[in-house]
Every structure is written in C-alpha cells, then in structure tokens.
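Number of protein chains: 2
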Amino acid sequence: MLQGVPFVSVSRGDRIESVHAVAACAVTVDGEVLLALGDIDEPVYLRSAAKPFIAAAVVRSGAVERFGLDDRDLAIMSASHNGEPDHVAAVRALLEKIGAQPGDLQCGAHAPSYEPAALALAEPPTVLHNNCSGKHAGILALCRMLDAPFAGYVDAGHPAQRAILALCERVSDDRFGAGRLGIDGCGIPVYATSLRHAARSFARLATLRDLDPDDAAALARVRAAMIAEPFYVAGTGRFDTDLLRIGNGRIACKAGAEGVHASALLDLEAGLVLKVVDGARRAAPPAAVALLARLGALDDMQVSALGSHASFAVKNVAGLRVGTIEALPGN
Amino acid sequence: MLQGVPFVSVSRGDRIESVHAVAACAVTVDGEVLLALGDIDEPVYLRSAAKPFIAAAVVRSGAVERFGLDDRDLAIMSASHNGEPDHVAAVRALLEKIGAQPGDLQCGAHAPSYEPAALALAEPPTVLHNNCSGKHAGILALCRMLDAPFAGYVDAGHPAQRAILALCERVSDDRFGAGRLGIDGCGIPVYATSLRHAARSFARLATLRDLDPDDAAALARVRAAMIAEPFYVAGTGRFDTDLLRIGNGRIACKAGAEGVHASALLDLEAGLVLKVVDGARRAAPPAAVALLARLGALDDMQVSALGSHASFAVKNVAGLRVGTIEALPGN
C-alpha cells in the first residue's frame with residue numbers, strides 16, 4: 135500500500151479542511167534519484183500518464199508513414215482530451231486516415247470533460263467525446279499495421295496491446311505480469327510500476343537515451359507532437375496544456391486518473407512522476423507545480439504563469455471564494 | 135492538520151490503487167471515548183452533518199407550532215437531499231407554510247444530486263434543487279420567529295445564524311470564535327469542532343441528556359422526524375436514507391461534505407463522527423459501516439443490508455467492474 139506525505143491542503147476560512155498526501159519520484163535516465171517523496175518502490179497504476187508510450191508503440195509500427203499522420207494526430211493519440219469540438223474533429227480526421235469508423239472505438243461514450251462543450255451538445259455524447267478516443271483511434275492504426283482484427287483490441291492478449299505493453303515494459307525496465315495489470319476506465323489494460331521505474335521511463339522520454347533506436351525515434355516523434363500541439367493533449371483550461379505551453383518545449387507531461395502526473399524534463403535529463411495517494415484529481419496540479427519548482431524545472435516566472443493550477447479557489451454554489459487548494463507551505 | 139489512519143481502499147484488478155485515511159471518534163454523552171482513530175482533538179468542519187442541530191434551532195424557536203410543521207418539513211430541513219421531484223415538492227410546501235418564496239432562498243441553484251432527476255429536468259435547475267434548500271427554508275422560518283429580515287440571513291452576524299450557532303455551541307461544549315467558522319457551499323456559516331466534541335453532540339442527539347430542556351425537546355423532535363422520513367433526509371440510493379431505514383429507529387445519521395459522517399447511536403447512548411482526511415465522499419460510507427459494525431451499533435444482518443454502501447464497484451465507462459471501494463481488511 136502506497137505511503138505518501140501530506141502535501142496539498144484544502145482550506146476553508148482560516149483552517150485546513152482536508153489534506154492530500156503525495157508520493158513522488160524524480161530520477162535521471164541513469165537512475166540517480168533527484169527527489170523521493172513517500173514510497174517510490176510500490177507499484178502504482180500510471181493510467182493515462184502512460185499514453186505517450188502507447189502512442190509511441192503506434193509510431194514504432196510505421197503507422198505515421200503509412201497513414202500520413204501529423205503532429206495533431208499524435209497529440210490526440212497521447213491525449214486525455216476535453217471533448218471540445220476541435221478534439222472531436224481531430225479524432226474524426228485520424229479515424230478517416232486509418233479507414234476506421236467511430237463505431238470501431240470500444241472506449242464507450244461519456245460527456246465532454248470541458249463543461250461548456252458538454253452543455254453545448256445538442257445530441258447525447260458519443261465515443262468521440264470520450265477523453266481517450268484519440269488513443270483508441272491510435273490503437274486501431276496499430277491493429278492495421280499488425281494485420282490484427284479490430285475485434286477485441288482492448289484485451290491484454292490482443293496483438294496491439296501486446297505490442298503496447300512490450301514497449302511500456304522496455305521503457306520502464308519492468309515486467310507487467312500477474313498482479314500488475316488492471317483495466318482502465320476506457321477498457322484497455324493499465325500497468326502498475328513503481329514511481330522510480332515510471333520516472334525513469336519519463337527520463338527516457340526526456341533524453342531519448344538508453345533505448346533501442348526504434349523506440350527512441352518513436353518517443354522523439356510523440357514528444358515533439360505533444361509539445362507542438364498542447365491543445366490536443368488536453369484542452370482549454372487544462373493543466374497539461376498550460377504546462378506544455380509554459381514549459382516552452384522543455385517539458386512533456388501527461389496526467390493520469392486517480393491523481394497521477396508525469397513529466398519528462400529535458401533540461402534536467404530526468405523524469406518526475408507523482409501520485410496523490412487518495413487519487414484526488416484536484417491535488418495533482420498543485421503538487422506537480424511545487425515539485426517542478428523544487429527541482430528547478432520551472433523558474434519563478436513559469437511558476438507564476440501556472441498560478442491558477444498551483445493555487446485555486448474553493449467556491450461555493452453562489453461563486454463566492456470560500457477557500458483555497460494549494461501545496462502546504464514548505465513544499 | 136488532521137491526522138488519520140489508512141482505512142478505505144480503492145482497488146483495480148488485484149492491486150490497491152488509492153487509499154483514504156480516516157479520523158473518527160465515538161463517545162458517550164458522559165465523554166467516555168469508545169473509539170478513537172487518528173486525531174480526535176483537531177477541529178474539523180462538520181459541514182452538512184450539523185444540519186440536525188440547525189433544524190433543532192428552528193424547532194426551538196417555536197416554528198413547528200406557529201407554522202404547523204410536520205415530520206416531512208423537519209426531515210427536509212435536516213437534509214442534503216437529492217433534488218428529486220418529491221424533495222422539491224417538500225421544500226415548496228415548507229416555503230408555503232412559512233409564507234416565503236423560492237426567490238427568498240440564498241443557497242444558489244445546482245443540478246439535482248440524483249442523476250436521473252438531473253437528466254429529467256426540462257428547465258435549468260433552481261434553488262429548490264440545491265441539496266440544502268430545505269435547510270435554507272427552515273432558516274427563513276427562524277427569521278420569521280425572530281422577527282428578523284430575510285435579507286442577509288446567511289451571514290454569521292444575522293440573528294438567525296446567531297441562534298443556530300449558539301445551539302451548536304451548547305450541544306458541542308465548544309465556542310466558535312475566530313478561526314472556527316468558514317462559509318459552506320450554500321453560503322451559510324460552518325463551524326469546526328473536534329471529532330471528540332462533534333461525537334459528543336451526536337451522543338446528546340442520541341440520549342437527549344445533558345441538555346437544557348428546550349434543546350432536548352428540539353433535538354427529540356428533529357431526530358424523530360429524520361427517523362420517520364428517511365427519504366427526505368437524502369433520497370434514492372443514498373447512504374443516509376438507507377442507514378436511517380436499516381437502523382430501525384436506533385440510529386440518526388447525517389453526512390457532510392468533504393468526507394464527514396455523523397451518527398447518533400441510541401442503543402449505545404453515544405455519537406460517532408468520522409472524517410475522511412482527504413475529503414473524499416466515496417470513502418465515507420464504507421468507513422461508517424465498518425466503524426458502526428466495530429462499535430456493535432449494526433449487527434451482521436444490518437451490515438449485510440448496507441453492503442452496497444460498504445463495498446461497491448469501480449466501473450469503467452462501458453459499465454464493466456474493474457475494481458472495488460471498501461474498508462481495508464481488519465477495519
């Protein structure tokens with residue numbers, strides 16, 4: 135069971151009302167631990183933070199060349215997107231390049247994560263609005279490259295998932311056997327690896343070192359796409375989109391459900407992965423900004439530009455500010 | 135800063151994905167501590183768990199007699215309701231008895247908490263759908279009794295709030311001065327008291343002892359109403375409604391936001407109050423059932439009847455069960 139340290143407070147009036155514990159690890163590609171918070175050797179599900187590696191498995195298959203994929207296609211493949219109209223259009227365009235239909239996606243439908251987009255929908259949401267629809271479209275491209283059926287593409291034994299998990303094992307220096315796999319919200323396998331191993335996989339994404347050449351080329355292509363098209367990785371108002379932009383090409387980052395956040399830090403030649411122990415989404419951005427600042431991966435101006443993610447209001451129904459969510463002093 | 139102990143797990147596949155820490159206290163009306171988990175002396179905002187005491191302040195004012203209030207009126211005053219049509223009708227009926235209008239309520243509008251009710255709305259939600267609308271209507275009744283204006287009734291200095299907070303201080307044996315008050319989601323003051331003091335206030339609700347006669351009579355009336363009309367305290371599928379029913383008249387309970395849950399235990403002559411340290415709503419029912427069972431306030435059949443609240447599925451978008459939320463073994 136993962137141990138963390140109290141790290142993010144939720145205040146109301148003059149008092150702390152709730153506290154989130156965080157575990158985190160930053161390592162270089164050589165395995166030097168730059169930062170350790172709580173337990174860094176207990177396996178943790180990376181959830182959607184693994185999407186850059188899933189996209190890399192698609193790229194490695196040759197899909198970019200065969201289907202003429204561009205940065206936007208690769209960014210939406212790596213995304214937990216807001217379901218805004220431009221996201222939906224990007225997934226639709228990707229499916230057309232692959233010769234697939236929305237009906238081939240097995241992610242299920244949910245309302246757009248971006249509330250104005252959800253409120254603006256005249257029809258019920260579709261699979262295209264699912265925040266993982268780009269990833270699923272990418273996996274269909276991988277199916278095509280492997281001459282594998284679309285049927286069952288979400289199953290761990292399907293050739294597409296085997297190829298994805300093999301790449302994830304290589305970049306993580308880990309094995310995802312019994313007890314290490316679960317099923318994600320969108321139906322595909324998710325793997326658990328320690329924060330130390332996960333951070334190393336993001337150090338590889340940052341440095342492109344200690345990888346076989348095809349993996350390195352694939353990671354480079356995905357990283358470049360995420361940095362070039364931040365909107366398509368998340369969307370309006372989202373932390374990942376803003377961190378990618380403010381990182382100015384030197385940070386590639388991805389959030390995962392249940393309070394995971396991962397960053398490839400190009401200047402530090404390192405990776406940082408954190409997990410909010412209780413799984414709260416609200417605590418991940420304040421924790422990430424505080425740890426990135428502590429590592430020196432963000433300077434004061436960048437931290438200030440990310441202020442709305444590092445410290446934000448608890449509002450009541452009437453819209454009045456009644457409290458604050460932010461990292462505890464000293465973090 | 136509140137300290138708790140790891141208590142509720144969120145699993146996925148064969149692994150624990152996230153963990154919620156809980157602090158809790160059960161005491162008798164004489165102050166004997168029956169159960170202590172984590173820090174029981176750090177003040178905690180009770181949030182909506184204080185609603186039975188707010189309703190009691192309304193009852194103590196004489197509003198029941200003047201306006202002819204019945205159990206349903208008092209239950210909806212004590213409620214965090216689902217916004218189902220019957221809840222909205224109950225608040226409307228209460229407002230009519232008082233001679234007030236929906237427009238007098240300052241709680242703000244939000245969508246019904248019960249999703250089918252939210253989806254069935256043809257018009258935007260109103261203040262009546264706010265889960266606190268019954269409480270606000272009750273405060274309007276108190277304004278009438280005090281000859282105080284409706285204007286500003288949510289402010290801590292308003293005579294209605296002063297009367298409410300005075301009763302809450304009496305039942306808690308505590309003072310809510312500087313640093314002890316915040317503003318709730320619905321705009322009214324919320325007080326912070328330790329779990330020990332909060333549990334004692336629920337022990338008084340359970341026993342009606344160690345109270346002045348008017349407070350005792352008011353608490354008795356509110357408790358009877360909550361037990362008689364469990365649907366109006368919460369609603370379809372809600373833990374409080376089911377616990378009130380299954381408690382068979384021997385438990386009066388109320389949840390509060392940010393992971394608070396409180397119970398008056400009539401057979402044990404005690405109160406139990408818990409807080410999920412990180413504020414997660416999902417962890418409160420499993421923790422409450424586990425602690426009520428440990429105390430002997432629920433027998434095996436009652437625990438079994440509450441099974442869907444004590445242990446429930448994490449489902450993915452497609453509706454497949456991918457994990458479980460429940461108390462950790464041994465709790």
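Listed in order, the protein sequences are those of chains A and B.
135 is the number of the first residue of the first sequence in this note's numbering; add one for each residue after it.
135 is the number of the first residue of the second sequence in this note's numbering; add one for each residue after it.
The beta-carbon is built from N, C-alpha and C at its ideal position, and this holds for glycine as well.
Values in this document were obtained by computation on a predicted structure and should not be read as measured data.
Distance from the CA of residue 327 (chain A) to the CA of residue 363 (chain B), rounded to the nearest whole angstrom, comes to 49 Å. Counting C-beta atoms within 10 angstroms of its own C-beta, residue 279 (chain A) has 16 or more neighbours from the protein chains shown and is therefore classed as buried.
The secondary-structure analysis by DSSP pairs residue 455 (chain B) across a beta bridge with B:449.
Classified as exposed, residue 258 (chain A) has fewer than 16 neighbouring CB atoms from the shown chains inside 10 Å of its CB. Within the model, the alpha-carbon separation for residue 153 (chain B) versus residue 457 (chain B) is close to 13 Å.
For the pair residue 323 (chain A) and residue 418 (chain A), the Cα-to-Cα distance works out to about 23 Å.
Taking the Cα positions, residue 214 (chain A) is about 6 Å away from residue 367 (chain A). Counting every other CB atom within 10 Å of its CB across the protein chains shown gives residue 360 (chain A) a total of 16 or more, marking it as buried. With respect to residue 219 (chain B), residue 191 (chain B) sits apart: the two C-beta atoms are not nearer than 8 Å. In this model, residue 178 (chain A) and residue 445 (chain B) are separated by some 22 Å (Cα to Cα). For residue 442 (chain A), same chain residues with a beta-carbon under 6 Å away, outside a window of 5 residues either side, do not exist. When rounded, the separation of the alpha-carbon atoms in residue 171 (chain B) and residue 173 (chain A) is 23 Å. Residue 436 (chain B) and residue 233 (chain A) have their C-alpha atoms roughly 55 Å apart. For residue 189 (chain A), the uninterrupted alpha helix (DSSP H) run begins and ends at 185 to 194, by DSSP. Between the region 259 to 266 of chain A and the region 296 to 306 of chain A there are fewer than three inter-stretch CB-CB distances shorter than 8 Å, so the stretches are not counted as touching. Rounded to whole angstroms, the Cβ separation of residue 396 (chain A) and residue 411 (chain A) is 16 Å, and the two are not in contact under 8 Å. Between residue 459 (chain A) and residue 451 (chain A), the gap from beta carbon to beta carbon reaches 8 Å or more. Interface annotation, residue 222 (chain B): not in contact with chain A, CB-CB separation never under 8 Å. Assigned with DSSP and collapsed to three states, residue 367 (chain A) falls in helix. Taking 8 Å as the Cβ-Cβ cut-off, the region 141 to 156 of chain B approaches chain A at 143, 144, 146, 147, 148, 149, 150, 151, 152, 153, 154 and 155, given in chain order. Closest in C-alpha terms to residue 200 (chain B), from the list B:276, B:433 and B:236, comes B:276.
Sixteen is the threshold: since fewer than 16 other Cβ atoms of the shown chains lie within 10 Å of the Cβ of residue 253 (chain B), the residue is exposed. Shown here, residue 214 (chain A) sits in coil according to DSSP, grouped into three states, outside any helix or strand. DSSP, read as helix, strand or coil, puts residue 152 (chain B) in strand. Cβ neighbours of residue 318 (chain B) within its own chain (closer than 7 Å, five residues either side excluded): 181 and 324. In this structure, DSSP gives residue 440 (chain B) a state outside helix and strand, which the three-state scheme calls coil. CA-CA distance, residue 329 (chain A) to residue 175 (chain A), rounds to 6 Å. Under the Cβ distance rule, residue 274 (chain B) does not count among the residues neighbouring chain A, no pair being separated by less than 8 Å. For residue 232 (chain B), the three-state secondary structure derived from DSSP is helix. Where residue 317 (chain A) is concerned, the enclosing beta strand (DSSP E) starts and stops at 315 to 317. Between residue 421 (chain B) and residue 161 (chain B), the beta carbon gap of about 17 Å keeps them out of contact (Cβ cut-off 8 Å). Counting only residues of its own chain and dropping the five nearest sequence neighbours on each side, residue 428 (chain A) has a CB closer than 8 Å to the CB of 169 and 465.
Around the beta-carbon of residue 438 (chain B), fewer than 16 other beta-carbon atoms lie within 10 Å, marking it exposed. Taking 8 Å as the threshold, the shortest C-beta distance from residue 387 (chain A) to chain B does not fall below it. In the assembly as shown, residue 216 (chain A) is a buried residue. Its beta-carbon has 16 or more other beta-carbons within 10 Å. Membership of residue 373 (chain B) in the alpha helix (DSSP H) is indicated by the continuous run 373 to 380.
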